[in-house]
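Chemist: Residue numbers (the numbering used here): 21 to 586.
Beta carbons are placed, not taken as given, at the ideal position from N, Cα and C, and that holds for glycine.
Can you read through this structure? Questions will come right after.
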Amino acid sequence: MKKIGNVFILFILIFFTWYLLSPYLSKDTIPGWGIDPYFCVYVIKQVMEKFAFGIFPHQSTFWDIPMFFPSKHTLAFSDPFILQGILVYIFHKILSVDFFLSVNLAFAGFFLLNWMFCFLFYNVYVRSIFVSIVASWLWTFSLYFLAQSAHFQNTAAVGIVMTLYFSTKVNKKINVYTFLWIPISFLVLATSNLYNFVFTVYIIPPFWLFEIHRRFKNQSQKIKLVIIRNYLFSIIISIVLTLPIFYRYYETRKMYSEFSMQRNFFEQVYSSSRLIDYFTNFSLPPFYQNWLPLPTHFERNAFPGLFSFLFFVSSVLIFLYFWKYKKDLKYYSRQHINGMILTFLLFCLGVFLASGALLFPDLFQLVTHFVPGLSGLRAIGRAGMIVVLAECLGMGILLSLLSKQKKFTLLLLLCFMVGLQIFERLVPHFRHSQVNVTKSKIYNSRITNYLKQKSPESFGVLELSPDKEEQIKFSLERSLYHNHPILVGYSGFYPFSHEKLPKTYEFLQKCDSNNSEFQIFFKNTKYIIIHKNIQELPVNIISCLGNLGFYRLLTDSEEVLFTAKK
């Protein structure tokens, strides 16, 4: 009977999953809104065509391929999509599936992988297949993944739960779990999304300490040493595999203000989530249908809202009950207790990353001094993901305990919360909101000019309307600062290797004390951007321009002219 119930709930959730993912199984749309779908398609196309077997016509060696992590250009953008690109290659090239449908299949496939590994991770502590299926589904299809960014970057989240799950499998035996799966999980993260990789590096050390402490229970000294040894070997192999990534990360850290310590404390506070942000969202906020001027809203709305509020209320009531009736503690298993401790640790970490500058200013400044990358808007988004991961884990543990004890009043309260969350994911906003970009828009944009052109000497760039200039400004600054051509999107793609760059652009600078005009010419690049804040330009440009009032990029048939006048 228990197996039949598990199969039934799995069938129901698969039906809901199909309902949520079916809009992406199309030849005419791809997931995402804003400009992310454009550069995601660009990167996947590059990986699929030029990485798959190390064949790249404009590269002298395999290691120079910009899409592969030893390349110095890899961390010029945060989404390499190596594994995802290879999967699209299999669908499109080998199985002859339409390219856009291949991208969507990979997107949906990684959602399912995320669900599977989250289920395996939760079941270690929940100790109930039925509840683990539900709790992991709620996290996989949470507000963060479905609405905060219905983008291809979300496919990288599977590496986080992979790493957490395989970390629980390190034991006193020497097997593939001991030495290989954790490093492979890190490699999947590092070749998918930079920020997920970096934040997992922050999460894993305390989690490993927690796991080692858990495994030391009733073990001999010899077995304890073996467990520590196995963890150390896993760490060493992970470092060896990802060391080139850390090296390139160190080399290119100046390209990201979050990592180069350029953000002042005011910006950190401005980018932090307020406490009310944890409880204000229900269903889809208006932001997902309308572009708001403040990017902070984008990340703040990643939190689960009413789910958080009900989770806290339910948790407090249930824990007060157990505190009053201590005899019921016999129903706790060691795994349940460990799971509750882990839930608390993950939740505290998520809150600290998202709101540390507001809640703990002195401590947050001290931590960010030694650990860069915690002070940007992206930190809030990843923190929201960690908060939801912790809440779903805690909810699963409570459901498991209450179902065993048959405390129907408390169980009904928690089931109501679960039902509400499933309802939130099935409301029409999720299915019909602006989370898709049509193929015609992709093909009509500047970015796909490069994909369709045969000439390797020219490449196109996405043309954006003025309200998107804030996002793309960073790409412009980095390209000028490093003497590279204008980059695609705002994530900093390098269409060619550094050996090829001198042939694809010309750099001309006219600057002296008597000259009021500053010019840079880029060959075969088409770009439009207008920005009026001269202080946001790179230092070397500002020193040349002095007190010039604004600068513009003007489009021409063959080149882009960068001008600034008093």
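Under 8 Å, with one C-beta from each stretch per pair, do the region 176–190 and the region 127–139 reach the 3-pair mark?
Modeler: Cβ pair count under 8 Å is three or more, so yes.
Chemist: Pairs of beta-carbons, one from the region 233–244 and one from the region 378–387, closer than 8 Å: are there three or more?
Modeler: no
Chemist: With a cut-off of 8 Å on the beta carbons, I'd call Tyr145 and Ile417 a contact; round off their distance for me.
Modeler: 6 Å
Chemist: From Phe436, Arg234, Ile259 and Phe206, pick the residue whose C-alpha is nearest to that of Met360; which is it?
Modeler: Arg234
Chemist: Have a look at Ser563 and Phe206 and give me their C-alpha separation to the nearest angstrom.
Modeler: Only weak support exists for where Ser563 lies, its pLDDT of 36 falling under 50; the coordinates are left without a value.
Chemist: Could you check whether the region 37–46 touches the region 106–126, counting it as contact only if at least three pairs of C-beta atoms, one from each stretch, sit closer than 8 Å?
Modeler: yes
Chemist: Could you give the first and the last residue of the continuous alpha helix (DSSP H) run that contains Pro203?
Modeler: Trp201 to Ala210
Chemist: In this structure, how does DSSP classify Arg147 when only helix, strand and coil are distinguished?
Modeler: coil
Chemist: With distance defined between alpha-carbon atoms, name the residue in Val387, Leu422, Ala374 and Cys368 nearest to Glu411.
Modeler: Shortest Cα-Cα distance from Glu411 to any of Val387, Leu422, Ala374 and Cys368 involves Cys368.
Chemist: List the endpoints of the continuous alpha helix (DSSP H) containing Val181.
Modeler: Val178 to Ser187
Chemist: Suppose you measure from the CA of Phe9 to the CA of Thr363; what does that come to, to the nearest Å?
Modeler: Residue 9 cannot be examined here, being either before or after the span of the chain that is shown, 21 to 586.
Chemist: Please go through the same chain and pick out, in chain order, the residues whose beta-carbon is closer than 7 Å to the beta-carbon of Ala128, but skip the five residues on each side of it.
Modeler: For Ala128, where only same-chain residues beyond five positions count, the Cβ hits under 7 Å are Leu41, Tyr44 and Leu45.
Chemist: Have a look at Met68 and Leu115 and give me their C-alpha separation to the nearest angstrom.
Modeler: 13 Å
Chemist: Are Glu231 and Thr175 close, meaning C-beta to C-beta below 9 Å?
Modeler: no
Chemist: Identify, in the order they occur along the chain, each residue of the same chain with its Cβ nearer than 7 Å to the Cβ of Trp135, setting aside the five sequence neighbours on each side.
Modeler: Ser156, Trp157 and Thr160
Chemist: With a CB to CB cut of under 8 Å and the five nearest residues on each side skipped, what residues in its chain are close to Leu132?
Modeler: Cβ within range, chain order: Thr37.
Chemist: Measuring only the C-alpha atoms, how far is Leu366 from Asn191?
Modeler: 22 Å
Chemist: By the three-class DSSP mapping on this structure, what secondary structure does Val190 have?
Modeler: coil
Chemist: Any idea what DSSP makes of Ser42, helix, strand or coil?
Modeler: helix
Chemist: Mind checking Asn250: buried by the 16 CB within 10 Å criterion, or exposed?
Modeler: Asn250 counts as buried, since no fewer than 16 other beta carbons sit within 10 angstroms of its beta carbon.
Chemist: Checking 9 Å against the spacing of the C-beta atoms, do Phe199 and Ser254 come in under that value?
Modeler: yes
Chemist: For Phe150, which of Ile248, Ile357, Gly404 and Ile32 has the nearest alpha-carbon?
Modeler: Ile32
Chemist: Looking at C-alpha atoms only, which residue of Tyr215, Pro100 and Lys65 is the closest neighbour of His112?
Modeler: Lys65
Chemist: Do Thr211 and Ile102 count as a contact pair if the criterion is CB distance below 9 Å?
Modeler: yes
Chemist: Since Val108 is in the alpha helix (DSSP H), which residue starts that stretch and which ends it?
Modeler: Ile102 to Tyr109
Chemist: I need the straight-line Cα distance from Asp118 to Tyr109, nearest angstrom please.
Modeler: 11 Å
Chemist: Could you tell me the distance, in whole angstroms, from the CA atom of Phe219 to the CA atom of Ile106?
Modeler: 24 Å
Chemist: Using the C-alpha atoms, what's the distance from Leu30 back to Leu162?
Modeler: As written in the sequence, residue 162 is Ser, which differs from the Leu given in the question. In a straight line, the C-alpha of Ser162 is about 17 Å away from that of Leu30.
Chemist: Under the three-state reduction of DSSP, which class applies to Ser423: helix, strand or coil?
Modeler: helix
Chemist: Give the secondary structure of Ser258 by DSSP, where H, G and I count as helix, E and B as strand, and everything else as coil.
Modeler: The three-state reading of DSSP puts Ser258 in helix, counting H, G and I together.
Chemist: Does DSSP classify Phe161 as helix, strand or coil?
Modeler: coil
Chemist: Beta-carbon separation of Phe372 and Ala403 under 9 Å?
Modeler: Yes, these two residues count as a Cβ contact at 9 Å.
Chemist: Using the three-state DSSP reduction, which class does Tyr463 fall into: helix, strand or coil?
Modeler: Below a pLDDT of 50, predicted positions are generally treated as unreliable, and Tyr463, at 43, falls in that range; no measurement from the model is reported.
Chemist: Consider the Cβ of Pro43: report whether some Cβ of chain C lies at a distance smaller than 9 Å.
Modeler: Looking for chain C here will not work: only one protein chain is present.
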